[in-house]
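*Asks:*
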Amino acid sequence: MIIKQLSVFLENRSGRLTEVTGALAESQINIAAQCVAEASDFGILRMIVSDPTLARSVLRDKGFAVHLTDVLCLTTPNVPGALHNALHVLSKAGLSIDYMYAFAIQDHAFVALRPNDLEKSIQVLLAHDQTLLQAADIGSG
Amino acid sequence: MIWNEHQERMSADERHQLQSDRLRAQVKHVYDHVLPYRAKMNALGVEPGDIRNIDDLPCLPFTTKDDLRDNYPFGLFAVPQSEIVRVHASSGTTGRATVVGYTRADIELWSEVMARCLAGAGVSTADTVQVAYGYGLFTGGLGLHYGAEHLGATVVPISGGNTRRQIQLMRDFETTVLACTPSYALHLADALREAGLSKDDIKLRVGIFGAEPWTEGMRQKIESELGIMALDIYGLSEIVGPGVACECTERKGLHVHDDHFYPEVIDPQTGSSVQSVGRGELVFTTLTKVGLPLLRYRTRDLTELDATPCACGRTTMRMRKCLARSDDMLIIRGVNLFPSQIEAVMLEIPGLAPHYRLIIDRVSNLDRLTLEVEADEQVFSDSIGQLESFTVRIRRALESAIGLGIEVKLVEPRSIERSEGKAKRVIDKRHLQ
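In structure tokens form, the structure reads like this:
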């Protein structure tokens, strides 16, 4: 249920992002989802990739500071109210979300989220018939 | 105008005699009352009786900033605390500041030399002097203040900062003399322009600027924007504070008040005297100080001395404007800063790599400090909030240690240059040379 997200420290300067994507492309690592959180002088690049452990060592070799962070990947039907239902389950259980990023296409929506309590969130979501992706669902690509 | 006709215009012989008499008394005072000096002199095999005149100065030991720190806070004072009426201190990490003390006579001496500086700049009782140097432990504010009061000018003790109010009072009080750091003078000029005003809206005519290095280019800019004559003042708290030397309106070097502070230039590498006049590290011996007399204090400032009489009529030794130093000390907004102070703070913060780069630039004529530190994997976390509070923590620790505002910026690991030799950890973009 737990997905390893890659977090990379980036200075805000042009070209840095493409050095990351280039290194991953060279190693045949697929990026399933990606977002950048920005502060004034730096950013954190967050990615869900096909092989997080390999991606980490590839990026470390290039001199990047990299962390693997545990997140959940929720999938819901692409209909009005679906995301609300999932989030409502979490908030009713007193859980909160540090950050999330999402994308919807055709019949499905995918949500990467980092709750404050990972284990409890998994329990609560599954108990309410929500669907969480497995690492293998992403890594197979 | 010459404040002290006699002392400032003595013949070379008379000056030599006076300096020699005073040096003998000063050496005896130091030897009798300051144990660390007695030990230093004994180690060199020198006794007060060996000093016959000012030319014997090279026999005496040097004093450095480390001597002051090693004897922190009052170990080099030559009088009991009951005779000390004031202390000042320079910035430094906790417990390592350099502390200086003054007796009542020392304060009077300081006021006298400051009055000479102001008179030499053409200031009189008819003037209103706005003292925009910081007041407090820093000697700038109170030094100018006492001198201007002693001279009989009207003093506006506004201290540093609060630019808007500076301009308002400058206009309302018809201030004629401004005393501050040269970078702050330029900042005031900018603020004046931004307020839609010009030099025609103020009555300033003279500026006494010091406490940091500045160039001829800055002088021209200040003069044209504020419509004043800008003069350079030099001093250091160890010797007395501002007023050790100052330009007269001839602007051909700074007149050293050498009947009180005797200057030498030495080779900073070997410590040997440079042929009487010439370029080298400036060294001062106080001749009349009571509370904290210092022998051959190494300023680390590089300059050149000129013994020829000035067109203004003064016969005192003149020194050239100091622009360079023989150590790595930086002067930021008038505050002394050693890179080692930054390192000391960084070592106390767990997880911080010892790699840093200090960048100094001038934005809107004010010095700005930025410290770049590497976000290695020990420091890096997935949370923006945590990273930002980490930089705030470093910033606060630094600001309380160095007494200066600083920005802290996280950079990628290994992005700061490593080198076998001395890494270039300080990048000064102010172009002062």
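So the sequence lines, in the order shown, correspond to chains A and E. Per my numbering, the first sequence runs over residues 34 to 174. Per my numbering, the second sequence runs over residues 1383 to 1815. All residues carry an ideal CB built from backbone N, CA and C; glycine is no exception. Everything numeric in this text was worked out from a predicted model, so none of it was measured.
Would you call the segment 1498-1512 of chain E in contact with the segment 1464-1474 of chain E, where contact means no fewer than 3 C-beta pairs closer than 8 Å?
*Replies:* Flag = no, the segment 1498-1512 of chain E and the segment 1464-1474 of chain E do not touch.
*Asks:* I'd like the span of the beta strand (DSSP E) that includes E/Y1484, first residue to last.
*Replies:* Along the second sequence, one-based indexing puts residue 1484 of chain E at 102. That run of the beta strand (DSSP E) goes 1481-1485.
*Asks:* Looking at the structure shown, is E/T1668 part of a helix, part of a strand, or coil, going by DSSP?
*Replies:* Position 286 of the second sequence, counting from 1, holds the residue named residue 1668 of chain E. It is a strand residue.
*Asks:* For E/I1809, which of E/A1567, E/L1751, E/C1628, E/G1609 has the nearest alpha-carbon?
*Replies:* Within the second sequence, residue 1809 of chain E is the residue found at index 427, counting from 1. For the residues E/A1567, E/L1751, E/C1628, E/G1609, the minimum Cα distance to E/I1809 belongs to E/L1751.
*Asks:* Cβ of A/S40 less than 8 Å from any chain E Cβ?
*Replies:* Against the first sequence, residue 40 of chain A aligns to sequence position 7. It does; some Cβ of chain E falls within 8 Å.
*Asks:* Using the DSSP secondary-structure output, state which residues sit across from E/D1683 in a beta bridge.
*Replies:* As a first step, residue 1683 of chain E is located in the second sequence; it is residue number 301 there, counting from the start. E/R1707.
*Asks:* Look up E/K1634 in the DSSP assignment and say whether it is helix, strand or coil.
*Replies:* Within the second sequence, residue 1634 of chain E is the residue found at index 252, counting from 1. Reduced to three states, the DSSP call for E/K1634 is coil.
*Asks:* Below 8 Å, how does it come out for the segment 1400-1413 of chain E and the segment 1520-1534 of chain E: are there three or more Cβ pairs, yes or no?
*Replies:* No, the segment 1400-1413 of chain E does not touch the segment 1520-1534 of chain E.
*Asks:* Just to confirm the assignment, what range does the alpha helix (DSSP H) spanning E/R1412 have?
*Replies:* Against the second sequence, residue 1412 of chain E aligns to sequence position 30. Strictly speaking, residue 1412 of chain E in this sequence is Val, with Arg absent from that position. Residues 1394-1415.
*Asks:* Taking only the alpha-carbon atoms, compute the straight-line gap between E/A1421 and E/R1807 and give it to the nearest angstrom.
*Replies:* Taking the first residue of the second sequence as 1, we reach residue 1421 of chain E at position 39. Taking the first residue of the second sequence as 1, we reach residue 1807 of chain E at position 425. When rounded, the distance between both Cα atoms is 37 Å.
*Asks:* Can you find a C-beta in chain A that's less than 8 Å from the C-beta of E/P1795?
*Replies:* Your numbering for residue 1795 of chain E matches position 413 in the second sequence. Interface residue, yes.
*Asks:* Taking E/I1466 as part of the alpha helix (DSSP H), name the residues at either end of that continuous run.
*Replies:* For this step, residue 1466 of chain E is matched to residue 84 along the second sequence. Looking at the DSSP string, E/I1466 is not in any alpha helix (DSSP H); the run it does join, the beta strand (DSSP E), is 1466-1471.
*Asks:* Using a Cβ-Cβ distance under 8 Å, would A/A70 count as near chain E?
*Replies:* What you label residue 70 of chain A is simply residue 37 of the first sequence in a count that begins at 1. Interface residue, yes.
*Asks:* Which residues, in order along the segment 1739-1764 of chain E, keep a beta-carbon less than 8 Å from a beta-carbon of chain A?
*Replies:* Under the 8 Å Cβ criterion, the segment 1739-1764 of chain E contributes A1757, D1758, E1759, V1761, F1762, S1763, D1764.
*Asks:* Does the CB of A/E152 have a neighbour CB from chain E at under 8 Å?
*Replies:* Translated into the one-based positions of the first sequence, residue 152 of chain A becomes position 119. Not an interface residue.
*Asks:* Counting only Cβ pairs nearer than 9 Å, list the residues of chain E close to A/G96.
*Replies:* Here residue 96 of chain A refers to the residue found at position 63 when the first sequence is read from its first residue. The contacting residues are E1794, P1795, R1796, S1797.
*Asks:* Taking E/T1822 as the reference, give the member of E/G1785, E/L1753, E/A1783, E/I1784 with the closest Cα.
*Replies:* Look at the range of chain E in this structure, 1383 to 1815, and you will see that residue 1822 of chain E is not part of it.
*Asks:* So for E/L1821, helix, strand or coil by DSSP?
*Replies:* Missing from the structure shown is residue 1821 of chain E; chain E here goes from 1383 to 1815 and no further.
*Asks:* If we cut at 8 Å on Cβ distances, does A/H100 have a partner in chain E?
*Replies:* Taking the first residue of the first sequence as position 1, residue 100 of chain A is located at position 67. It does; some Cβ of chain E falls within 8 Å.
*Asks:* Applying a beta-carbon distance threshold of less than 7 Å, which residues of chain E neighbour A/D17?
*Replies:* Any answer about residue 17 of chain A is impossible in this case: the structure gives chain A only from 34 up to 174.
*Asks:* Could you have a look at E/I1776 and say whether DSSP puts it in helix, strand or coil?
*Replies:* Locating residue 1776 of chain E in the second sequence gives position 394, counting from the first residue. Note: E/I1776 maps to helix in three-state DSSP.
*Asks:* Going along the chain, which residues of its own chain have a beta-carbon closer than 7 Å to the beta-carbon of E/T1485, five neighbours each way excluded?
*Replies:* Taking the first residue of the second sequence as position 1, residue 1485 of chain E is located at position 103. Excluding sequence neighbours, E/T1485 sits near V1461, E1465, I1466, V1467, V1672, G1673.
*Asks:* Residue range of the beta strand (DSSP E) that E/T1536 falls in?
*Replies:* For this step, residue 1536 of chain E is matched to residue 154 along the second sequence. First-last of the beta strand (DSSP E) with E/T1536: 1536-1538.
*Asks:* Which first and last residues belong to the alpha helix (DSSP H) in which A/A115 is found?
*Replies:* The residue labelled residue 115 of chain A in the question sits at position 82 within the first sequence. That run of the alpha helix (DSSP H) goes 115-125.
*Asks:* Using a beta-carbon distance below 8 Å, is A/I77 in contact with chain E?
*Replies:* As a position in the first sequence, residue 77 of chain A is number 44, starting the count at 1. So yes, A/I77 belongs to the interface.
*Asks:* Quick one: which chain A residues come within Cβ less than 7 Å of E/L1450?
*Replies:* To locate residue 1450 of chain E, count along the second sequence from 1; it is residue 68. Those do not exist, as E/L1450 stays about 38 Å from chain A at its closest Cβ, beyond 7 Å.
*Asks:* Would you kindly report the start and end of the unbroken alpha helix (DSSP H) that includes A/R89?
*Replies:* Reading the first sequence from its first residue, position 56 is the one you call residue 89 of chain A. Here the alpha helix (DSSP H) through A/R89 covers 85-94.
*Asks:* Ignore the nearest five residues each way along the sequence and tell me which others in A/F97's own chain have a CB closer than 6 Å to its CB.
*Replies:* The residue labelled residue 97 of chain A in the question sits at position 64 within the first sequence. V41, listed in sequence order.
*Asks:* Counting C-beta neighbours from all protein chains within 10 Å, is the total for E/E1387 16 or more, i.e. buried, or is it exposed?
*Replies:* Residue numbering aside, residue 1387 of chain E sits at position 5 when the second sequence is read from its first letter. Exposed, since its Cβ has fewer than 16 Cβ neighbours within 10 Å.
*Asks:* Name the chain E residues whose beta carbon is nearer than 8 Å to that of A/E52?
*Replies:* As a first step, residue 52 of chain A must be located in the first sequence, where it is residue number 19. None at all; the shortest Cβ gap to chain E is about 10 Å.
*Asks:* Check the C-beta distance from E/R1397 over to E/T1697 and give it rounded, since I have them as a contact under 8 Å.
*Replies:* Position 15 of the second sequence, counting from 1, holds the residue named residue 1397 of chain E. Position 315 of the second sequence, counting from 1, holds the residue named residue 1697 of chain E. Going by Cβ atoms, the distance from E/R1397 to E/T1697 rounds to 7 Å, so yes, they are a contact pair.
*Asks:* How far does the beta strand (DSSP E) with A/L151 in it reach, from first residue to last?
*Replies:* Taking the first sequence and counting its residues from 1, one reaches residue 151 of chain A at position 118. No beta strand (DSSP E) contains A/L151, which is instead part of the alpha helix (DSSP H) from 151-160.
*Asks:* Would you say E/L1769 lies against chain A (beta-carbon separation less than 8 Å)?
*Replies:* Taking the second sequence and counting its residues from 1, the one referred to as residue 1769 of chain E is at position 387. E/L1769 counts as touching chain A.
*Asks:* Using 8 Å as the Cβ pair cut-off and three pairs as the minimum, do the segment 62-70 of chain A and the segment 78-91 of chain A touch?
*Replies:* Touching, yes, given that three or more Cβ pairs across the two stretches are closer than 8 Å.
*Asks:* At a CB-CB cut-off below 7 Å, which residues of chain A make contact with E/I1766?
*Replies:* Taking the first residue of the second sequence as 1, we reach residue 1766 of chain E at position 384. Near E/I1766 (Cβ distances below 7 Å), the residues of chain A are A70, A72, I77.
*Asks:* Alpha carbon to alpha carbon, how far is E/V1588 from E/R1778?
*Replies:* Counted from its first residue, the second sequence places residue 1588 of chain E at position 206. Counted from its first residue, the second sequence places residue 1778 of chain E at position 396. The alpha-carbon atoms of E/V1588 and E/R1778 are separated by roughly 38 Å.
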